[in-house]
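The sequence shown begins at 29 in my numbering and counts up one residue at a time.
Think of the CB as a built atom: it goes at the ideal place given N, C-alpha and C, for glycine as much as any other residue.
Worksheet: the structure to be examined is printed underneath.
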Amino acid sequence: MAVEVKELLEAGVHFGHLTRKWDPNMAPYVYMERNGIHIINLYKTAAKIDEAGEALSKIANSGRKILFVATKKQAKDIVAEKAGAINMPYITERWPGGMLTNFVTIRKAVKKMASIDRMKKDGTFMTLSKKERLQVDRLRAKLEKNLGSISDMTRLPGALFVVDIKREHIAIKEAQKLNIPIFAMVDTNSDPRQVDYVIPANDDASKSIDKILTHVTASIANGLAERKAEKDATTASAAEAPKAKAKTEAAPAKTVAVEEEE
29 MAVEVKELLE
39 AGVHFGHLTR
49 KWDPNMAPYV
59 YMERNGIHII
69 NLYKTAAKID
79 EAGEALSKIA
89 NSGRKILFVA
99 TKKQAKDIVA
109 EKAGAINMPY
119 ITERWPGGML
129 TNFVTIRKAV
139 KKMASIDRMK
149 KDGTFMTLSK
159 KERLQVDRLR
169 AKLEKNLGSI
179 SDMTRLPGAL
189 FVVDIKREHI
199 AIKEAQKLNI
209 PIFAMVDTNS
219 DPRQVDYVIP
229 ANDDASKSID
239 KILTHVTASI
249 ANGLAERKAE
259 KDATTASAAE
269 APKAKAKTEA
279 APAKTVAVEE
289 EE
């Protein structure tokens, strides 16, 4: 969907940080200064949302996952809701160190969580002592809190989407090491050079975060819908192929029968 500058304005996307806290590398995205606060150029924000949306749509269409990262209070619930709605993984609690660079270990923790679930289903859990059951439950709750939203992520993500790159600097560094494309909401106090796809925006207000995430996840949803349509078309054509072949093979036999009658 097209991004309207008016809707970004109403959501407060244009409010940057205090001028004394700014990062000079954000200068190209700053429109003006007002009452000691930098105002972000929303025309550039709109253009960058479109650019990021197009790239994210392609990644989703390729079948790769986009990992959302936002541990700040204002963003946690919004990201969990928006990313969850399009079935994308997200981290809204503390970033697990080595989440990307030591992905094998993280996968082991996820498998541990799955094995506990199996124990509960097959009855093994109930054979444990009360103390052991309590310990296992605590471990399961801890794993769920930190890794529950990435339990379906079987390989490294195709991209990272971050809200507040200063806060999520560890995630940014890990993604950079592995050359994973980084998409992010970047406020005036941050260095945009750390990000591949910059969306200059207020990353502190929940309304602003919600507005940007709405556009971003809509683009991803479009990519997923296109992928599904392509798969359905391939499946349909594969199903039709044997029928068409049978029809073609049957045609000459019919012609011969007619000739014999004559």
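Supposed contact pair residue j and residue i - C-beta distance, whole angstroms, cut 8 Å
| i | j | result |
| --- | --- | --- |
| I106 | D238 | 5 Å |
| F211 | L188 | 7 Å |
| D192 | K100 | 6 Å |
| L128 | A233 | Actually they do not touch by this definition, with Cβ atoms about 28 Å apart. |
| M54 | P209 | That pair is no contact at about 20 Å. |
| S236 | A39 | 5 Å |
Spatially closest choice to residue i from the options, by CA coordinates
| i | options | result |
| --- | --- | --- |
| G125 | I208, A266, T47, N174 | N174 |
| S179 | G112, D219, D224 | G112 |
| I248 | D51, Y71, L70, F96 | F96 |
| T19 | L171, T152, M213 | Look at the range of the chain in this structure, 29 to 290, and you will see that residue 19 is not part of it. |
| I134 | K158, L156, T182 | T182 |
| N115 | M154, G176, A137 | G176 |
| A30 | A199, K259, A246, S265 | A246 |
| G186 | E79, K49, D51, R92 | R92 |
| K49 | F153, H66, N230 | H66 |
| I198 | K158, N230, D231, N130 | N130 |
| T120 | V190, A137, E258, A98 | A98 |
Beta-carbon gap between residue i and residue j smaller than 8 Å
| i | j | result |
| --- | --- | --- |
| L36 | H45 | no |
| R255 | A88 | yes |
| R161 | I144 | no |
| K140 | L171 | yes |
| T81 | V244 | Here residue 81 turns out to be Gly, not Thr, going by the sequence shown. Their beta carbons are under 8 Å apart, which means G81 touches V244 by this criterion. |
| T216 | I68 | yes |
| L241 | K110 | yes |
| A108 | Y118 | yes |
| V132 | Y71 | no |
| S85 | N250 | yes |
| A137 | Y225 | no |
DSSP three-state assignment for residue i, whether helix, strand or coil
| i | result |
| --- | --- |
| L188 | strand |
| R122 | coil |
| G151 | coil |
| M23 | The requested residue 23 is not part of the displayed model; the chain covers only 29 to 290. |
| P220 | helix |
| K282 | Confidence is the limiting factor: at K282 the pLDDT is only 49, short of 50, which leaves the residue's position unreliable, though a coordinate-based value still follows. Helix at K282. |
| N250 | helix |
| T129 | coil |
| D51 | coil |
| K194 | coil |
| S143 | helix |
| E290 | Model confidence at E290 stands at a pLDDT of 43, short of 50, so the residue's coordinates are unreliable; what they give is reported in the following sentence. Coil at E290, not helix or strand. |
| S157 | coil |
| K86 | helix |
Those residues which DSSP pairs with residue i across a bridge
| i | result |
| --- | --- |
| I94 | A187 |
| P228 | V214 |
| F43 | I67 |
| E61 | H66 |
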